[in-house]
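Enquirer: Quick note on my numbering: the sequence shown kicks off at 4 and runs consecutively.
Next up is a structure, given as structure tokens.
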Amino acid sequence: RTGYYDEGHLGRLRLVDRLQGQGFSLAGIAELLRAWEERRSLAEVLGFEQALTEPWSDEEPETVSLQELLERFPDAMDDPGLALRAVELGLIEPDGEHFRIPSPSLLHAGEELVAVGVPLGVTQDEVAALQADMARVAARFVALFERYVWKPFAEAGMPAERLDEVTDALRRIRPLAAAAVSATLARAMEEATTTSTAAQVAAAHVGLPQAVGGS
């Protein structure tokens with residue numbers, strides 16, 4: 004039997020698929036759809052779906068050849084394990100005879116660290132640590148959304164008239180999270196570099212007065 008789906012059906016199917024991908028149970032999804040069945044609009048549902056699933060970055064992936072990668076990271080020529088780890092970290096993705104770079108800016112940051120003398124393996128260690136740190140930060144922001152936005156919405160019976168409010172909160176938390184992380188990192192880097200520089204200067208001058216006095 005041939006089935007025909009209008010935009011409403013397709014929107015619902017996409018929403019169910021996306022919600023499952025975000026970890027929602029089928030029972031929870033069914034309750035959400037039931038609560039909106041009579042009063043929701045297609046625009047509201049699709050707006051929520053888009054806010055839930057749209058990329059958090061507008062960065063465009065790039066595709067490069069193996070030769071280009073090796074030119075940028077020559078250490079990988081002698082140690083294939085470094086290339087394999089780059090794949091494991093999600094820095095590069097095999098794509099036929101080429102490689103897809105999901106985040107060119109992240110790979111470029113690694114390239115710059117290598118250029119100033121940090122070994123590629125150590126750079127990859129830092130990427131792994133940074134990914135773990137950011138996963139914890141992301142979990143905290145998601146927890147804030149769940150506790151103070153989603154939970155009250157769910158406890159109120161997921162009223163259709165509040166869907167726009169939830170969608171707006173979800174959209175607003177994206178740039179807020181990025182801005183908070185960026186500002187906090189900038190201050191932390193300033194404090195860390197100032198402390199490190201002062202310590203290095205002090206260490207370099209240890210014994211200098213004695214050396215001068217003894218001459």
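All C-beta atoms, glycine included, are put in the ideal place defined by N, C-alpha and C.
Where does M192 land, buried or exposed, given buried means 16+ other C-beta within 10 angstroms?
Expert: Exposed, since its Cβ has fewer than 16 Cβ neighbours within 10 Å.
Enquirer: Using 8 Å as the cut-off, can you tell me whether the region 134-150 makes contact with the region 96-116, which would need three or more C-beta pairs spanning the two stretches below that distance?
Expert: Judged by Cβ distances under 8 Å, the region 134-150 makes no contact with the region 96-116, as fewer than three pairs qualify.
Enquirer: Alpha carbon to alpha carbon, what distance is there between H208 and P105?
Expert: Each residue's Cα considered, the two are about 46 Å apart.
Enquirer: Count the other CB atoms within 10 Å of the CB of G113; is the residue buried (16 or more) or exposed (fewer)?
Expert: Counting Cβ neighbours within 10 Å, G113 comes out buried, since at least 16 surround it.
Enquirer: Look up I104 in the DSSP assignment and say whether it is helix, strand or coil.
Expert: Strand at I104.
Enquirer: Report the start-end ranges of each beta strand (DSSP E) in the region 82-144 that is 3 residues or longer and not cut off at the edges.
Expert: Within the region 82-144, the complete beta strand (DSSP E) runs of at least 3 residues are 96-98, 101-104.
Enquirer: H101: which of E62, A89, L69, A141 sits nearest, CA to CA?
Expert: The candidate whose alpha carbon is nearest that of H101 is L69.
Enquirer: If I measure Cβ to Cβ from Q127 and keep anything under 6 Å in the same chain, skipping five residues before and after, which residues do I get?
Expert: Excluding positions up to five away in sequence, the list reads R88.
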